[in-house]
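Student: Okay, handing you the structure first.
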Amino acid sequence: MDPAPRLHDPEFYVGDPFPTYRWMRREAPVYWYPEREFWALSRYEDVRWVSIHPELFTSTQGIMIPETGEVTPEMMELLVFTDPPRHRDLRALIKHGFTPQRVAELEPRLRELAREIVARIVPGSDLDLASEIAAPFPTVVIAELIGAPAEDWEAFRTWSDAILGSQDPGETLAAADAHAALHAYFLRLIDERRAEPRDDLLSGLLAVQRDGAPLTDDDLYHFCWLLLIAGNETTRNLISLGSQALIEHPDQLRIVLDDPAMLPLAVEEMLRWCNPVTHMTRTAVRDTEIRGQKIAAGQRVVMLYGAANRDEEVFGLDAEEFRVTRHPNRHIQFGFGEHICVGAHLTRLEARVIFEELLPHLARTELAGKPQRRLATMVPGIKHMPVHVAG
Ligand code: HEM
């Protein structure tokens, strides 16, 4: 039991927030957090309900646990900070690039990349699974998808780490400098693709018309920015945390090793149990109620996905346990409703492909030190995860 959760403190999320979540679900499912003045939701149905009512709960006032200067006027242009009907118009411009069919076409290239990266593992030696395996894979994938050269992935990683890890004292690059560098980079790429289109997402967006006119450089930049930030550390975190979960639950790892066809179910369980993205927030548009609790217009509501994903009412008495065979698994890790993750199919494919390549090694892998986390309230990543792979 934790009667005083520290919900605005990144340390809370990199520690073990789950006993506190349990207490919240039971004792205070609509919890007022006085230190930052917001409501926190821990029950599945409440998170789902808020997600499907954008007319009551807006995304336009920010989506993170409140921080000073969180939403700059520039960021308000991003898809994720808009409400319908504008949201639907913007989303329509990119969603066809992420359908199950489009994503399935990427599998051969993803397989090639995954094999190249996993080939770095030398049996009988140590490696940093977070920075050598989990980090490059999604960063290269998203860079290539947008249309950036794969060899620029290290720069992308540095910029996106600085933006998402601005709460981490170990982060040396200021978020503002990373924003400026990304902006300059994408403007150059936009010019290049305009002059010479290719078969990539950016070239596709350059061909799109909105209200009879092509998208502006700003529009294009916003899409590239969002896809890079949303599709990078999230998936990296899933791969690192998922690997850790399998290493620490050898009985579950054995199930997938004996029957790799179980992997898609295992990936869903990693999403549910590992909680790579901790929360999103909304702001009440008018006075309303959740579970009988009055919510005033203008008040912020934080949806704690990690808590909702272990709600016993939905996942049963073993909700707290990591079970790769869990089915059905209606986790809410990609959100719900209007803003449900555009990259969900891509994430699932990336995770399946990298784990198919990694699994034979994981059977011989043990942690060689405590994983080092990146301090962040929303995507508390793993910076380093030393492991030993037996020969
Ligand atoms: C483990 C991996 C991932 C997780 C857990 C995750 C989680 C989420 C969640 C919870 C939302 C909902 C936001 C809201 O309701 O306000 C979201 C939205 C979004 N995600 Fe992901 N995501 C992941 C990977 C990706 C990838 C790989 C991409 C890249 C293509 C991506 C692109 C987006 C975009 C563009 C949105 C905004 C959608 C909108 O506002 O309509 N995500 N994601």
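So for the sequence shown, the numbering used here puts the first residue at 84; every next one is plus one. We put the CB at the ideal spot given by N, CA and C, even for glycine. All values derive from a computational prediction rather than experimental measurement.
1. Measuring alpha carbon to alpha carbon, tell me which residue in Phe-417, His-444, Leu-288 is nearest Tyr-127.
2. Rounded to a whole number of angstroms, what is the C-alpha to C-alpha distance between Pro-532 and Leu-210?
3. Using a 10 Å radius around the Cβ and a threshold of 16 neighbouring Cβ atoms, would you call Lys-453 buried or exposed?
4. With the cut-off set at 9 Å, would you say Gly-389 and Pro-206 are in Cβ contact?
5. What does a CB cutoff of less than 8 Å around Pro-112 pick up in its chain, not counting 5 residues either side in sequence?
6. To the nearest angstrom, how far is it from the Cα of Trp-122 to the Cα of Glu-275?
7. Between the segment 239-257 and the segment 269-289, can you find at least three pairs of beta-carbon atoms closer than 8 Å?
8. According to DSSP, is Phe-269 helix, strand or coil?
9. Pop quiz: Phe-405 and His-332 are said to be a contact at Cβ under 8 Å. What is the actual Cβ separation, rounded to whole angstroms?
10. What residue does the beta strand (DSSP E) around Ile-204 start on, and which one ends it?
11. The ligand HEM and Cys-424: does any heavy atom of the ligand fall closer than 8 Å to the residue's C-beta?
12. When burial is assigned at 16 or more other CB atoms within 10 Å of the CB, is Trp-115 buried or exposed?
13. With the cut-off set at 9 Å, would you say Pro-359 and Leu-324 are in Cβ contact?
14. Does Asp-394 pass the burial test, meaning 16 or more other C-beta atoms within 10 Å, or should it be called exposed?
15. Checking 9 Å against the spacing of the C-beta atoms, do His-471 and Glu-449 come in under that value?
16. Measure the C-alpha to C-alpha separation of Val-397 and Thr-371 and round it to an integer number of angstroms.
17. What does the Cβ neighbour count give for Thr-498, buried or exposed, with the cut at 16 atoms within 10 Å?
18. Give the range of the alpha helix (DSSP H) segment to which Ile-330 is assigned.
19. Pull up the CB-CB distance for Ile-378 and Val-384, whole angstroms please, since I reckon it's below 8 Å.
20. Where do the N-terminal and C-terminal ends of the beta strand (DSSP E) with Ile-378 fall, by residue?
21. Three-state secondary structure (DSSP) at Gln-335?
22. In chain order, what residues of the same chain have a beta carbon less than 7 Å from the beta carbon of Leu-265, not counting five sequence neighbours either side?
23. Measure the CB-CB distance between Pro-88 and Pro-463 and report whether it falls below 9 Å.
24. If you reduce the DSSP assignment to three classes, tell me which class Arg-119 lands in.
25. With a threshold of 7 Å on Cβ separation, who are the neighbours of Glu-227 within its own chain once the five nearest residues in sequence on each side are excluded?
26. Excluding the five sequence neighbours on either side, which residues of its own chain have a C-beta within less than 8 Å of the C-beta of Arg-281, listed in chain order?
27. For Ser-208, which residues does DSSP report across the bridge?
28. Would you say Val-339 and Ala-349 are within 9 Å of each other, going by their C-beta atoms?
29. For Val-224, count neighbouring Cβ atoms within 10 angstroms of its own Cβ and tell me buried if that reaches 16, exposed if not.
30. Using only the alpha-carbon positions, how far apart do Thr-366 and Val-97 sit?
31. What would DSSP say about Arg-456, mapped onto helix, strand or coil?
Tutor: If we stick to the structure as given:
1. As a first step, residue 127 is located in the sequence shown; it is residue number 44 there, counting from the start. Taking only the C-alpha atoms, the option nearest Tyr-127 is Phe-417.
2. Since the displayed the chain opens at 84 and closes at 474, residue 532 lies outside it and no answer follows.
3. Counting from one through the sequence shown, the residue named residue 453 turns up at place 370. Under this definition Lys-453 is an exposed residue.
4. By one-based count along the sequence shown, residue 389 stands at place 306. By one-based count along the sequence shown, residue 206 stands at place 123. Not in contact: Gly-389 and Pro-206 (Cβ atoms no closer than 9 Å).
5. Within the sequence shown, numbered from 1, the residue matching residue 112 stands at position 29. Contacts found: Leu-124, Ser-125, Arg-126, Asp-129, Arg-374.
6. Translated into the one-based positions of the sequence shown, residue 122 becomes position 39. Translated into the one-based positions of the sequence shown, residue 275 becomes position 192. Their Cα atoms are separated by approximately 46 Å.
7. No: fewer than three Cβ pairs fall under 8 Å.
8. Reading the sequence shown from its first residue, position 186 is the one you call residue 269. The answer is helix: DSSP assigns Phe-269 an H, G or I state.
9. Numbered from its first residue, the sequence shown carries residue 405 at position 322. Numbered from its first residue, the sequence shown carries residue 332 at position 249. Sure, about 5 Å apart at Cβ, within 8 Å.
10. For the purposes of this step, residue 204 is taken as the residue at position 121 of the sequence shown. Judged by DSSP secondary structure, Ile-204 falls outside any beta strand (DSSP E); it is assigned neither H nor E.
11. Here residue 424 refers to the residue found at position 341 when the sequence shown is read from its first residue. Within the chosen limit of 8 Å, the ligand HEM reaches the beta carbon of Cys-424 through at least one heavy atom.
12. The residue given as residue 115 occupies position 32 in the sequence shown. In the assembly as shown, Trp-115 is an exposed residue. Its beta-carbon has fewer than 16 other beta-carbons within 10 Å.
13. For the purposes of this step, residue 359 is taken as the residue at position 276 of the sequence shown. For the purposes of this step, residue 324 is taken as the residue at position 241 of the sequence shown. Contact: yes.
14. Taking the sequence shown and counting its residues from 1, one reaches residue 394 at position 311. Burial call: buried.
15. Counting from 1 along the sequence shown, the entry for residue 471 is found at position 388. Counting from 1 along the sequence shown, the entry for residue 449 is found at position 366. A contact, by the Cβ cut-off of 9 Å.
16. Taking the first residue of the sequence shown as 1, we reach residue 397 at position 314. Taking the first residue of the sequence shown as 1, we reach residue 371 at position 288. If you draw a straight line from the Cα of Val-397 to the Cα of Thr-371, it comes to about 25 Å.
17. Not covered by the structure: residue 498. The range shown for the chain is 84 to 474.
18. To locate residue 330, count along the sequence shown from 1; it is residue 247. Where Ile-330 is concerned, the enclosing alpha helix (DSSP H) stretches over 300-331.
19. On the sequence shown, position 295 is the one that residue 378 refers to. On the sequence shown, position 301 is the one that residue 384 refers to. For Ile-378 against Val-384, the beta-carbon gap comes to about 7 Å, under 8 Å, which counts as contact.
20. Within the sequence shown, residue 378 is the residue found at index 295, counting from 1. Start and end: 376-378.
21. Residue mapping note: residue 335 aligns to position 252 of the sequence shown, counting from 1. In the structure shown, Gln-335 adopts helical secondary structure according to DSSP, grouped into three states.
22. The sequence position of residue 265 within the sequence shown is 182, counting from 1. Within the same chain, Leu-265 has close Cβ partners Trp-242, Trp-308.
23. The residue you call residue 88 lines up with position 5 of the sequence shown. The residue you call residue 463 lines up with position 380 of the sequence shown. Taking 9 Å as the Cβ cut-off, Pro-88 and Pro-463 do not qualify as a contacting pair.
24. Locating residue 119 in the sequence shown gives position 36, counting from the first residue. Coil at Arg-119, not helix or strand.
25. On the sequence shown, residue 227 is found 144 positions in, with the first residue counted as 1. When the five nearest sequence neighbours on each side are left out, the beta carbons in the same chain lying within less than 7 Å of the beta carbon of Glu-227 are those of Ala-233, in order along the chain.
26. Along the sequence shown, read from residue 1 onward, the residue named residue 281 stands at position 198. Gly-230, listed in sequence order.
27. What you label residue 208 is simply residue 125 of the sequence shown in a count that begins at 1. Ser-208 pairs with Val-472.
28. Residue mapping note: residue 339 aligns to position 256 of the sequence shown, counting from 1. Residue mapping note: residue 349 aligns to position 266 of the sequence shown, counting from 1. Contact flag set, yes.
29. Taking the sequence shown and counting its residues from 1, one reaches residue 224 at position 141. Label assigned to Val-224: buried.
30. Here the question's residue 366 lines up with position 283 in the sequence shown. Here the question's residue 97 lines up with position 14 in the sequence shown. So the alpha carbons of these two residues sit roughly 25 Å apart.
31. Start at 1 with the first residue of the sequence shown, and residue 456 comes out as number 373. The answer is strand: DSSP assigns Arg-456 an E or B state.
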